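Participant: First, the structure itself, so that you have it in front of you.
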Amino acid sequence: MTRKVLLMMALVAALTLVTGCGGGESVTAPPDVLPTTAAQIKSFLDERLPKARRGFMSADYSMDTGRVLAKYDTVDESFWDEDALIRQMATGAVDVFAVAFIPPSVKVVEVVAMVEMTDKYGNSKSEEGVTIALPRGEWEQVKDPAAFKDRIILDPTILYGIADSYQIHPGIYKNADDFSKTMPSTQ
Numbered sequence: 013m014t015r016k017v018l019l020m021m022a023l024v025a026a027l028t029l030v031t032g033c034g035g036g037e038s039v040t041a042p043p044d045v046l047p048t049t050a051a052q053i054k055s056f057l058d059e060r061l062p063k064a065r066r067g068f069m070s071a072d073y074s075m076d077t078g079r080v081l082a083k084y085d086t087v088d089e090s091f092w093d094e095d096a097l098i099r100q101m102a103t104g105a106v107d108v109f110a111v112a113f114i115p116p117s118v119k120v121v122e123v124v125a126m127v128e129m130t131d132k133y134g135n136s137k138s139e140e141g142v143t144i145a146l147p148r149g150e151w152e153q154v155k156d157p158a159a160f161k162d163r164i165i166l167d168p169t170i171l172y173g174i175a176d177s178y179q180i181h182p183g184i185y186k187n188a189d190d191f192s193k194t195m196p197s198t199q
């Protein structure tokens with residue numbers, strides 16, 4: 013039992029070092045005036061999402077659907093294995109959701125982690141590695157994002173289970189030993 017507790021503590025400490033402890037100004041604090049127009053929301057996302065998770069590439073917002081698409085590049089990150097990639101994308105997505113759902117007109121947030129994939133011929137290209145889409149209704153159930161993130165660190169399948177949809181690149185999923193039997197089915 014003690015060995016498991018020490019292992020879990022080491023895992024949490026390592027993940028904190030990798031993902032950061034979030035010191036400094038809070039990016040999840042609502043602004044004085046909430047953004048309401050498409051241009052204001054886009055500007056808000058462009059300002060805050062790079063601080064929510066490293067590797068920010070772009071954010072798009074559709075006023076018609078209320079959908080935010082946030083893309084992150086993982087090229088500068090290193091992952092122990094495919095399981096670590098799936099786990100870290102889920103924990104990082106929690107920080108993105110906490111920011112992207114601040115504007116009240118946002119209905120769905122989709123987080124995409126772009127990864128460098130190499131085929132059997134040695135050709136590399138950037139592809140969508142992990143995608144998680146969460147509707148506002150699910151996020152509104154989260155009263156304490158920090159406590160929720162702690163749960164996701166220990167069991168990322170919780171987030172994948174409540175997601176509207178998720179996708180994991182087949183090249184990643186086939187080597188994800190921890191998750192191949194426990195991931196909820198996609199919808």
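Counting in the numbering used here, the sequence shown runs from 13 upward without gaps. Virtual Cβ for every residue (Gly too), placed ideally from N, Cα, C. No experiment lies behind these values; they were computed from the predicted model shown.
1) In angstroms, rounded to a whole number, what distance separates the CA positions of Val-124 and Tyr-178?
2) Val-80: which of Leu-57, Lys-155 and Pro-62 sits nearest, CA to CA?
3) State the CB to CB distance for the pair Ile-184 and Gly-134, rounded to an integer number of angstroms; the pair is presumed to be in contact (CB under 8 Å).
4) Per DSSP, which one or two residues make a beta bridge with Pro-147?
5) Between the C-alpha atoms of Trp-151 and Thr-130, what's the straight-line distance to the nearest angstrom?
6) Using the Cα positions of Ala-145 and Tyr-84, report the straight-line distance between them to the nearest angstrom.
7) Between which two residues does the alpha helix (DSSP H) containing Arg-60 stretch?
8) Is it the case that the region 155-171 contacts the region 72-79, given that we only count it when at least three CB pairs across the two stretches are under 8 Å?
9) Please report the distance separating the alpha-carbon of Pro-116 from that of Lys-132.
10) Check each candidate in Pro-182, Ala-110, Ala-64 and Val-118 and name the one with the smallest Cα separation from Asp-156.
11) Which of the three DSSP states is assigned to Ile-164 in this structure?
12) Whose C-alpha, out of Lys-161, Ile-114 and Met-69, is nearest the C-alpha of Ile-53?
13) Among the candidates Glu-139, Gln-100, Gly-78 and Glu-59, whose CA atom is the shortest distance from the CA of Thr-49?
14) Which of the three DSSP states is assigned to Thr-86 in this structure?
15) Quick check on DSSP: helix, strand or coil for Asp-206?
16) Taking the alpha-carbon of Gly-173 as reference, which of Glu-59, Asp-107, Ser-138 and Ala-102 has the nearest alpha-carbon?
17) Look at the alpha carbon of Ala-105 and the alpha carbon of Lys-119, and state the distance between them as a whole number of angstroms.
18) Assign Lys-186 to buried or exposed, taking buried as 16 or more other Cβ atoms, counted over all protein chains shown, within 10 Å of its Cβ.
19) Which residues mark the beginning and the end of the beta strand (DSSP E) in which Tyr-172 is found?
Facilitator: So, from the data block:
1) Start at 1 with the first residue of the sequence shown, and residue 124 comes out as number 112. Start at 1 with the first residue of the sequence shown, and residue 178 comes out as number 166. When rounded, the distance between both Cα atoms is 10 Å.
2) Translated into the one-based positions of the sequence shown, residue 80 becomes position 68. Its Cα nearest to that of Val-80, the residue Leu-57 stands out among Leu-57, Lys-155 and Pro-62.
3) For the purposes of this step, residue 184 is taken as residue 172 along the sequence shown, with counting starting at 1. For the purposes of this step, residue 134 is taken as residue 122 along the sequence shown, with counting starting at 1. That belief does not hold up - the Cβ atoms of Ile-184 and Gly-134 are roughly 18 Å apart, past 8 Å.
4) Here the question's residue 147 lines up with position 135 in the sequence shown. DSSP, once it has assigned bridges, lists Val-120 as partnering Pro-147.
5) By 1-based counting over the sequence shown, the position of residue 151 is 139. By 1-based counting over the sequence shown, the position of residue 130 is 118. Roughly 34 Å between the two C-alpha positions.
6) One-based indexing of the sequence shown puts residue 145 at position 133. One-based indexing of the sequence shown puts residue 84 at position 72. Taking the straight line from one Cα to the other gives about 14 Å.
7) The residue labelled residue 60 in the question sits at position 48 within the sequence shown. Here the alpha helix (DSSP H) through Arg-60 covers 50-64.
8) With the cut-off at 8 Å, the region 72-79 and the region 155-171 do not touch.
9) Working through the sequence shown from its first residue, we reach residue 116 at position 104. Working through the sequence shown from its first residue, we reach residue 132 at position 120. Looking at the two C-alpha atoms, the distance is approximately 45 Å.
10) Along the sequence shown, one-based indexing puts residue 156 at 144. Ranking Pro-182, Ala-110, Ala-64 and Val-118 by Cα distance to Asp-156 puts Ala-110 first.
11) Start at 1 with the first residue of the sequence shown, and residue 164 comes out as number 152. Looking at Ile-164 - three-state DSSP - the assignment turns out to be helix.
12) Reading the sequence shown from its first residue, position 41 is the one you call residue 53. Cα-wise, what sits closest to Ile-53 is Ile-114.
13) For the purposes of this step, residue 49 is taken as residue 37 along the sequence shown, with counting starting at 1. Looking only at Glu-139, Gln-100, Gly-78 and Glu-59, the smallest Cα-Cα distance to Thr-49 is reached by Gly-78.
14) Counted from its first residue, the sequence shown places residue 86 at position 74. Reduced to three states, the DSSP call for Thr-86 is coil.
15) Nothing about residue 206 can be read from this structure; the chain reaches only from 13 to 199.
16) By one-based count along the sequence shown, residue 173 stands at place 161. Selected option, being the one with the closest Cα: Ala-102.
17) Residue mapping note: residue 105 aligns to position 93 of the sequence shown, counting from 1. Residue mapping note: residue 119 aligns to position 107 of the sequence shown, counting from 1. So the two alpha carbons sit approximately 16 Å from each other.
18) Numbered from its first residue, the sequence shown carries residue 186 at position 174. Exposed is the call here.
19) Within the sequence shown, residue 172 is the residue found at index 160, counting from 1. Tyr-172 -> not in any beta strand (DSSP E); alpha helix (DSSP H) instead, spanning 169-174.
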